[in-house]
Amino acid sequence: MTDDQVRSAPDRHPGFPAPSDLHAGRTYLVTGAARGIGRATAEVLLTHGATVAIADVDEEAITTTAREIEAMPVVLDVTSRESWEQARDVLTREFGPRLAGLVNNAGITRDKTLSKMDDTMWDSVLDTHLRGTWLGCQVMRPLIAAPSVEDRAGQSTVVTDAYGRPAGGAIVNTSSSGRHGSYGQTNYSAAKAGIVGLTKTIALEFARFGIRANCVSPGPVETDMTAGVPDEVKATWLDSLMLSRMGLPHEIGTATAFLLSPAASYITAQVLDVNGGEWHP
Ligand code: NAD
Numbered sequence: 001m002t003d004d005q006v007r008s009a010p011d012r013h014p015g016f017p018a019p020s021d022l023h024a025g026r027t028y029l030v031t032g033a034a035r036g037i038g039r040a041t042a043e044v045l046l047t048h049g050a051t052v053a054i055a056d057v058d059e060e061a062i063t064t065t066a067r068e069i070e071a072m073p074v075v076l077d078v079t080s081r082e083s084w085e086q087a088r089d090v091l092t093r094e095f096g097p098r099l100a101g102l103v104n105n106a107g108i109t110r111d112k113t114l115s116k117m118d119d120t121m122w123d124s125v126l127d128t129h130l131r132g133t134w135l136g137c138q139v140m141r142p143l144i145a146a147p148s149v150e151d152r153a154g155q156s157t158v159v160t161d162a163y164g165r166p167a168g169g170a171i172v173n174t175s176s177s178g179r180h181g182s183y184g185q186t187n188y189s190a191a192k193a194g195i196v197g198l199t200k201t202i203a204l205e206f207a208r209f210g211i212r213a214n215c216v217s218p219g220p221v222e223t224d225m226t227a228g229v230p231d232e233v234k235a236t237w238l239d240s241l242m243l244s245r246m247g248l249p250h251e252i253g254t255a256t257a258f259l260l261s262p263a264a265s266y267i268t269a270q271v272l273d274v275n276g277g278e279w280h281p
């Protein structure tokens, strides 16, 4: 990295990571990346030299974001198997059958207390977070798994890393902090807890393909998802955080980029809280 490249780095939030080559030569897919945490995660990966495909159900927004940050746009509804399969085919055509990592980040909220929550609110949140993450891991696995090479006799050998382990990529799924429940969010809390169980099992099942799978678990972050929350509710959130402030999207993206990177090569089946230190007096 030359001084010129460092100087020409995009002027983002103070604390945005300085450019590096940590992810050079690696291709990632980030879902729900038209805005918010997904977009910031893509920006962090790009800053560290990656090639990034960004996916979202919002076609207009993902096209605009892709142009702005110089990523590849993919229109994807994470709740649909067909849509995932189309995305897989597009990525394979564009980059070959090789993905260094997948970030399952797309999300929605449909809040109501349990007595007022209808089936549509339950199903849409569970489908987007839990089914969407499950489908993404299943459909993209062949692209993330360690590649194999065939010798002249047609014998195939799995490519290994410096430690002799299958050299696959990594998955980061997005859970959420809030171990003490989240008022009006039975659907969201159930989905996010489910993602932790799903991820640990995927880590177990995919280890033989050389794939690591972890969760990032954000606290309250300044995005469109939290923009409409009344100030008095936000104040109660901040009361329970040691750092007493909301997180910024790139602070989650930085943690995700670490979990995807070779620097995290011995970390799998873990949940990384990025939440300003949740505590309850
Ligand atoms: P956001 O609302 O700013 O962005 C979410 C993106 O997901 C949007 O671009 C939306 O179009 C996309 N999306 C929704 N449904 C989709 C679908 N079916 N297919 C593809 N894309 C879809 O939200 P955010 O705050 O950036 O949240 C990102 C993730 O982080 C979510 O999983 C969310 O639950 C989680 N999270 C957020 C917070 C927070 O405080 N913002 C806290 C904890 C966890």
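Residue numbers in the sequence shown follow UniProt numbering, run continuously in steps of one, and reach 281 at the last position. Even glycine gets a Cβ: it sits at the ideal position worked out from N, Cα and C. Bear in mind that the values here come from a model prediction, so they are computed numbers and not experimental data.
(request) Work out the CA separation of arginine 212 and phenylalanine 206 for me, nearest whole Å. (result) Indexing the sequence shown from 1 puts residue 206 at position 206. Indexing the sequence shown from 1 puts residue 212 at position 212. Straight-line Cα distance between these residues: approximately 7 Å.
(message) Spatial neighbours of serine 182 within its chain, please: C-beta separation below 7 Å, excluding the five flanking residues on both sides.
(response) Numbered from its first residue, the sequence shown carries residue 182 at position 182. Cβ within range, chain order: Tyr188 and Ser189.
(request) Give the straight-line distance between the Cα atoms of threonine 254 and alanine 153, rounded to the nearest whole angstrom. (result) As a working note, residue 254 is residue 254 in the sequence shown. As a working note, residue 153 is residue 153 in the sequence shown. If you draw a straight line from the Cα of threonine 254 to the Cα of alanine 153, it is about 44 Å long.
(request) Give a yes or no on contact between the region 41-58 and the region 68-82, applying the rule of three or more CB pairs nearer than 8 Å. (result) Judged by Cβ distances under 8 Å, the region 41-58 makes contact with the region 68-82, as three or more pairs qualify.
(request) Measure the alpha-carbon distance for aspartate 77 versus tryptophan 84 and round it to whole angstroms. (result) By 1-based counting over the sequence shown, the position of residue 77 is 77. By 1-based counting over the sequence shown, the position of residue 84 is 84. A direct Cα-Cα distance of roughly 7 Å separates aspartate 77 from tryptophan 84.
(request) Tell me whether asparagine 104 sits in a helix, a strand or coil according to DSSP, three-state version. (result) By one-based count along the sequence shown, residue 104 stands at place 104. Note: asparagine 104 maps to strand in three-state DSSP.
(request) Use the C-beta contact count for aspartate 119: other C-beta atoms within 10 angstroms, 16 or more gives buried, fewer gives exposed. (result) Here the question's residue 119 lines up with position 119 in the sequence shown. So aspartate 119 counts as exposed.
(message) Taking the beta carbon of serine 217 as the centre, do at least 16 other beta carbons fall within 10 Å, making it buried, or is it exposed?
(response) Numbered from 1 along the sequence shown, position 217 holds the residue referred to as residue 217. Counting C-beta atoms within 10 angstroms of its own C-beta, serine 217 has 16 or more neighbours from the protein chains shown and is therefore classed as buried.
(message) Going by DSSP in three states, asparagine 27 sits in which element: helix, strand or coil?
(response) On the sequence shown, residue 27 is found 27 positions in, with the first residue counted as 1. Note that residue 27 corresponds to threonine in the displayed sequence, not to asparagine. Threonine 27: strand per DSSP, three-state reduction.
(message) What does the Cβ neighbour count give for glycine 276, buried or exposed, with the cut at 16 atoms within 10 Å?
(response) Along the sequence shown, read from residue 1 onward, the residue named residue 276 stands at position 276. Classified as buried, glycine 276 has 16 or more neighbouring CB atoms from the shown chains inside 10 Å of its CB.
(message) Here's a check: name, in chain order, each residue in its chain whose Cβ is nearer than 8 Å to the Cβ of methionine 1, leaving out the five neighbours to either side.
(response) For the purposes of this step, residue 1 is taken as residue 1 along the sequence shown, with counting starting at 1. Since pLDDT at methionine 1 reaches only 47, below the 50 mark, its modelled position is unreliable, and the value read off the structure follows with that caveat. If we look at methionine 1 and ignore the five residues flanking it on each side, its Cβ neighbours are Pro19, Ser20 and Asp21.
(message) Which runs of the beta strand (DSSP E) at least 3 residues long sit entirely within the region 189-244? Give them in chain order.
(response) Listed in chain order, they are 212-218.
(message) Under 8 Å, with one C-beta from each stretch per pair, do the region 32-39 and the region 60-69 reach the 3-pair mark?
(response) Output reads yes: the region 60-69 touches the region 32-39.
(message) I'd like to confirm the pairing. Which residues does DSSP put opposite glutamate 150 in its beta bridges?
(response) Taking the sequence shown and counting its residues from 1, the one referred to as residue 150 is at position 150. Answer by DSSP bridge pairing, in chain order: Ser156.
(message) My output table needs one value for proline 19: the three-state DSSP class, helix, strand or coil.
(response) Position 19 of the sequence shown, counting from 1, holds the residue named residue 19. In the three-state reduction of the DSSP assignment, proline 19 falls in the coil class, being assigned neither a helical nor a strand state.
(request) Reducing DSSP to helix, strand and coil, say where asparagine 275 ends up. (result) Position 275 of the sequence shown, counting from 1, holds the residue named residue 275. In this structure, asparagine 275 counts as coil in the three-state DSSP scheme.
(message) Please tell me whether alanine 257 and histidine 23 are closer than 8 Å, where the distance is taken between their beta carbons.
(response) Along the sequence shown, one-based indexing puts residue 257 at 257. Along the sequence shown, one-based indexing puts residue 23 at 23. The answer is yes: Cβ separation under 8 Å.
(request) Go ahead and label aspartate 66 buried or exposed: buried means 16 or more other beta carbons lie within 10 angstroms of its beta carbon, across all protein chains shown. (result) Counting from 1 along the sequence shown, the entry for residue 66 is found at position 66. Checking the sequence shown, residue 66 turns out to be alanine, not aspartate. It counts as buried.
(request) Label aspartate 56 either buried or exposed according to how many other C-beta atoms from any shown protein chain fall within 10 Å of its C-beta, with 16 as the threshold for buried. (result) Counting from 1 along the sequence shown, the entry for residue 56 is found at position 56. Taking every protein chain shown into account, the CB of aspartate 56 has 16 or more other CB atoms within 10 angstroms, so this residue is buried.
(request) Report yes or no: do three or more beta-carbon pairs, one from the region 115-131 and one from the region 139-159, lie closer than 8 Å? (result) Touching, no.
(request) Kindly indicate which residue of Thr133, Ala100, Asn105 and Ala227 has the alpha-carbon position closest to the one of threonine 201. (result) Position 201 of the sequence shown holds residue 201. For the options Thr133, Ala100, Asn105 and Ala227, the alpha carbon positioned closest to that of threonine 201 is the one of Thr133.
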